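**Student:**
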Amino acid sequence: MDAVKRFFSSPRFAVAGASNDPNKFGYKLLAWYHEHSLPVTPLNPRAAQIDLPSRSYATVASPSKLPSPTQTSLSVVTPPAVTLALLQEAHSVGIPAVWLQPGTFNDAVIQYARENFAAVVAGDGGRGFEGWCVLVDGEEGLAAAGVPWKSQL
1 MDAVKRFFSS PRFAVAGASN DPNKFGYKLL AWYHEHSLPV TPLNPRAAQI DLPSRSYATV
61 ASPSKLPSPT QTSLSVVTPP AVTLALLQEA HSVGIPAVWL QPGTFNDAVI QYARENFAAV
121 VAGDGGRGFE GWCVLVDGEE GLAAAGVPWK SQL
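With the first letter of the sequence shown counted as 1, position 104 gets the number 104 in the UniProt record's numbering; the numbers rise by one all the way through.
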């Protein structure tokens, strides 16, 4: 839970793999941050913005384009083949913490993340059956980090 607490202690968040498709986890994850009134930036190199029902978010193409990467925790919803290169760039710009959603990593990705970030949330754990997931474990993580939030629903 220490990594979860550290992850949610960042003042900003980003979602790599954000999507305009409401059926995809990249959309659901961005919506979760929005619903919890957390400052979030979607990463998507192909879409200029992500449209939620109550707000549109301008995207950035990559971690290096984030306004304050050293103050941003990164949630990842990309396939393992994309995730490793994404993490390499995130590390190069000083992102301190990453949350790798189920299905976004393989052994090489996990090893790289654990060797290069101060906090890594990934793999076995959490309350879900597939491992740590912001959608399942996020509110408990916010509470552990002492982060106040209010629902935008």
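Note that CB positions come from ideal geometry on N, CA and C, so glycine has one too. Since the structure is predicted, the reported quantities are computational estimates derived from the model, not experimental observations.
Could you name the residues of the same chain whose beta carbon sits closer than 6 Å to that of residue 22, not counting the 5 residues immediately before and after it, in chain order?
**Tutor:** Start at 1 with the first residue of the sequence shown, and residue 22 comes out as number 22. So no residue of the chain qualifies.
**Student:** Looking at the secondary structure, which residues open and close the alpha helix (DSSP H) in which residue 101 lies?
**Tutor:** If you number the sequence shown from 1, residue 101 lands on position 101. Looking at the DSSP string, residue 101 is not in any alpha helix (DSSP H), and its letter there is neither H nor E.
**Student:** Tell me whether residue 71 sits in a helix, a strand or coil according to DSSP, three-state version.
**Tutor:** Locating residue 71 in the sequence shown gives position 71, where the first residue counts as 1. Three-state result, residue 71: helix.
**Student:** Tell me which same chain residues have a C-beta within less than 6 Å of the C-beta of residue 56, skipping the five on either side of it?
**Tutor:** Translated into positions along the sequence shown, residue 56 becomes position 56. Cβ neighbours of residue 56 beyond the five flanking positions: 49.
**Student:** Can you tell me which of the three DSSP states residue 38 falls into?
**Tutor:** Residue numbering aside, residue 38 sits at position 38 when the sequence shown is read from its first letter. Residue 38: coil per DSSP, three-state reduction.
**Student:** Answer yes or no: the CB of residue 100 versus the heavy atoms of the ligand PLP, is any distance below 7 Å?
**Tutor:** This structure lacks the ligand PLP; in fact it carries no ligand of any kind.
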